[in-house]
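S.K.: Residue numbers (my numbering), protein chains in the order written: chain A, 1 to 178; chain B, 1 to 178.
We put the CB at the ideal spot given by N, CA and C, even for glycine.
Okay, handing you the structure first.
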């Protein structure tokens, strides 16, 4: 029998060099590379491969309202909201202490858990130091203003760089806890 | 005769993954690697080599008050302050429109110009889009709180990744304008 390996809780986001998740209007048009292939790594970050190792996706209500849940028809989806309740297709609406509920799931056998966003949802997990892996894509742009990924007043969390890939100036950094 | 190449204005800083230059007390003890050599690049970012291509260092008054100018005895040093005036050894105190004064120097022959910090000084150059190269070392830590590098309300600046090095989980990214 295979020993049980704890499911990882993974935050994966793309941010500008100055730390924004989205522009002031919530737009993502700036999420693109610089067109230069010269620094590309042989290995590439592959979102679809990543999703194959995930069975639960957690997102906030804003992401749900933007229909982003439609991308995860083959995953179990948890949407954090106090406005909706119960289940609907592959979606379970959750509220209250989101972190504890997700951590409890992470202690059950299964694939990994993907914290999709937004920033306020992931922030709760950062503040509780419950993110096992950070996959941060750094877009080669200073966006200047927008919606920040990291909120204020987090604990100091020492990380270990586990892996990196580069694609057209987008640097994807994978960190675990140190 | 060699054609004149414009001197670059270079900002080089180390920041935490969440974008801080220093902790809340101004401390830098967290600026260290994760101890893992496995991802090190063959080339390494070499601060001393970098300084050989620099002849002017620009810093704010706080850095000067912290005696950080003592590290640059062999460079021409510009300290931005309205409190002090004139010259002292290798230091010239400047005030008023700092950006214009430094840009004027960048149009004269010489080596490159290093914007040392702090954040408020470099911010003036970012806002004016007068930084020719950003060298950003990303320390493998979420610091949680502290003094941010990127201030609010910057222009959107598209960058090109020119180079990267990794040393014990510290990822140094070199960007130019796109």
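Taking 8 Å as the threshold (C-beta atoms), are residue 178(A) and residue 180(A) in contact?
M.R.: Because residue 180(A) is not part of the residues shown, which for chain A are 1 to 178, the question remains open.
S.K.: Could you name the residues of chain B that residue 160(A) contacts, counting a contact when the two beta carbons are closer than 9 Å?
M.R.: By one-based count along the first chain, residue 160(A) stands at place 160. Residues of chain B passing the Cβ test: 34, 35, 36, 140, 169.
S.K.: Just to check my reading of the structure: residue 99(A) and residue 73(A) have Cβ atoms closer than 8 Å, yes? What is that Cβ distance to the nearest angstrom?
M.R.: Taking the first residue of the first chain as 1, we reach residue 99(A) at position 99. Taking the first residue of the first chain as 1, we reach residue 73(A) at position 73. 26 Å between Cβ atoms; not a contact.
S.K.: Quick one: is residue 104(B) buried, meaning 16 or more other Cβ sit within 10 Å of its Cβ, or exposed?
M.R.: Locating residue 104(B) in the second chain gives position 104, counting from the first residue. Label assigned to residue 104(B): exposed.
S.K.: Using only the alpha-carbon positions, how far apart do residue 172(A) and residue 46(A) sit?
M.R.: Reading the first chain from its first residue, position 172 is the one you call residue 172(A). Reading the first chain from its first residue, position 46 is the one you call residue 46(A). Their backbone Cα atoms lie some 10 Å apart in a straight line.
S.K.: Considering only the beta carbon of each residue, do residue 17(B) and residue 140(B) sit closer than 8 Å?
M.R.: Sequence index remark: in the second chain, residue 17(B) carries index 17 (1-based). Sequence index remark: in the second chain, residue 140(B) carries index 140 (1-based). Yes. Within cutoff.
S.K.: Let me check understanding here. Comparing Cα to Cα, which of 66(A), 95(A), 68(A), 152(A) lies closest to residue 80(A)?
M.R.: Translated into the one-based positions of the first chain, residue 80(A) becomes position 80. It is 95(A) whose Cα lies nearest to the Cα of residue 80(A).
S.K.: Determine, using beta carbons only, whether residue 150(A) comes closer than 8 Å to chain B.
M.R.: For the purposes of this step, residue 150(A) is taken as the residue at position 150 of the first chain. By this cut-off, residue 150(A) is an interface position.
S.K.: Which runs of the alpha helix (DSSP H) at least 4 residues long sit entirely within the segment 80–158 of chain B? Give them in chain order.
M.R.: 98–106, 119–127
S.K.: Could you say which of 164(B), 135(B), 92(B), 39(B) lies nearest to residue 9(B) if we only look at CA atoms?
M.R.: As a working note, residue 9(B) is residue 9 in the second chain. When each option's Cα is compared against that of residue 9(B), the closest is 135(B).
S.K.: Can you pull the chain B residues whose beta carbon is under 9 Å from the beta carbon of residue 26(A), in chain order?
M.R.: Working through the first chain from its first residue, we reach residue 26(A) at position 26. Under the 9 Å cutoff, chain B gives no residues; its nearest Cβ is about 15 Å from residue 26(A).
S.K.: Look up residue 53(A) in the DSSP assignment and say whether it is helix, strand or coil.
M.R.: As a working note, residue 53(A) is residue 53 in the first chain. If DSSP states are grouped into helix, strand and coil, residue 53(A) belongs with coil.
S.K.: Using 10 angstroms around the beta-carbon of residue 117(B), count the other beta-carbons present and answer buried if the total reaches 16, otherwise exposed.
M.R.: Along the second chain, one-based indexing puts residue 117(B) at 117. Flag for residue 117(B) reads buried.
S.K.: Using only the alpha-carbon positions, how far apart do residue 159(A) and residue 50(A) sit?
M.R.: The count along the first chain starts at 1 and reaches residue 159(A) at position 159. The count along the first chain starts at 1 and reaches residue 50(A) at position 50. Rounded to the nearest angstrom, the two C-alpha atoms are 20 Å apart.
S.K.: Check whether the Cβ of residue 144(B) lies closer than 8 Å to any Cβ atom in chain A.
M.R.: Residue numbering aside, residue 144(B) sits at position 144 when the second chain is read from its first letter. For residue 144(B), the answer is yes, since a Cβ of chain A falls inside 8 Å of its Cβ.
S.K.: From residue 84(B) to residue 61(B), what distance separates their C-alpha atoms?
M.R.: As a working mapping, residue 84(B) is identified with position 84 in the second chain. As a working mapping, residue 61(B) is identified with position 61 in the second chain. Each residue's Cα considered, the two are about 9 Å apart.
S.K.: Please state the DSSP three-state secondary structure of residue 28(B).
M.R.: Reading the second chain from its first residue, position 28 is the one you call residue 28(B). In this structure, residue 28(B) counts as coil in the three-state DSSP scheme.
S.K.: Counting only the same chain and skipping the five closest in sequence on each side, list residues whose C-beta sits under 6 Å from that of residue 11(A).
M.R.: Here residue 11(A) refers to the residue found at position 11 of the first chain. The answer, listed in chain order, is 115, 122, 131, 134.
S.K.: According to DSSP, simplified to helix, strand and coil, what is residue 69(A)?
M.R.: Taking the first chain and counting its residues from 1, one reaches residue 69(A) at position 69. In this structure, residue 69(A) counts as helix in the three-state DSSP scheme.
S.K.: Of the residues 170(A), 42(A), 162(A), 167(A), which one's Cα is nearest the Cα of residue 36(B)?
M.R.: Taking the second chain and counting its residues from 1, the one referred to as residue 36(B) is at position 36. Ranking 170(A), 42(A), 162(A), 167(A) by Cα distance to residue 36(B) puts 162(A) first.
S.K.: Assign residue 25(A) to buried or exposed, taking buried as 16 or more other Cβ atoms, counted over all protein chains shown, within 10 Å of its Cβ.
M.R.: Residue numbering aside, residue 25(A) sits at position 25 when the first chain is read from its first letter. The residue is exposed, with fewer than 16 neighbouring Cβ atoms inside 10 Å.
S.K.: So that I know if they touch, is there some Cβ in chain C lying closer than 8 Å to that of residue 132(A)?
M.R.: The question asks about chain C, but that chain is absent: this structure's protein chains are A and B.
S.K.: Does the beta carbon of residue 175(B) come closer than 8 Å to any beta carbon on chain A?
M.R.: For the purposes of this step, residue 175(B) is taken as residue 175 along the second chain, with counting starting at 1. Yes, its Cβ sits closer than 8 Å to a Cβ of chain A.
S.K.: Report yes or no: is there a C-beta of chain B within less than 8 Å of the C-beta of residue 147(A)?
M.R.: In the first chain, the residue the question calls residue 147(A) occupies position 147. No, no contact with chain B.
S.K.: Which residue or residues does DSSP assign as beta-bridge partners of residue 168(B)?
M.R.: As a first step, residue 168(B) must be located in the second chain, where it is residue number 168. For residue 168(B), which the question treats as bridged, DSSP gives no partner whatsoever.
S.K.: Is the beta carbon of residue 55(B) less than 8 Å from the beta carbon of residue 69(B)?
M.R.: Counting from one through the second chain, the residue named residue 55(B) turns up at place 55. Counting from one through the second chain, the residue named residue 69(B) turns up at place 69. With respect to the 8 Å criterion, residue 55(B) and residue 69(B) are not classified as neighbours on the basis of their beta carbons.
S.K.: Under the DSSP definition of a beta bridge, which residues are partnered with residue 20(A)?
M.R.: Translated into positions along the first chain, residue 20(A) becomes position 20. DSSP lists 148(A) as partners of residue 20(A).
S.K.: For chain A, is any of its Cβ atoms less than 8 Å away from the one on residue 123(B)?
M.R.: What you label residue 123(B) is simply residue 123 of the second chain in a count that begins at 1. Chain A, which has no Cβ nearer than 8 Å to the Cβ of residue 123(B), makes this no.
S.K.: Does the CB of residue 109(B) have a neighbour CB from chain A at under 8 Å?
M.R.: The count along the second chain starts at 1 and reaches residue 109(B) at position 109. For residue 109(B), the answer is no, since every Cβ of chain A falls outside 8 Å of its Cβ.
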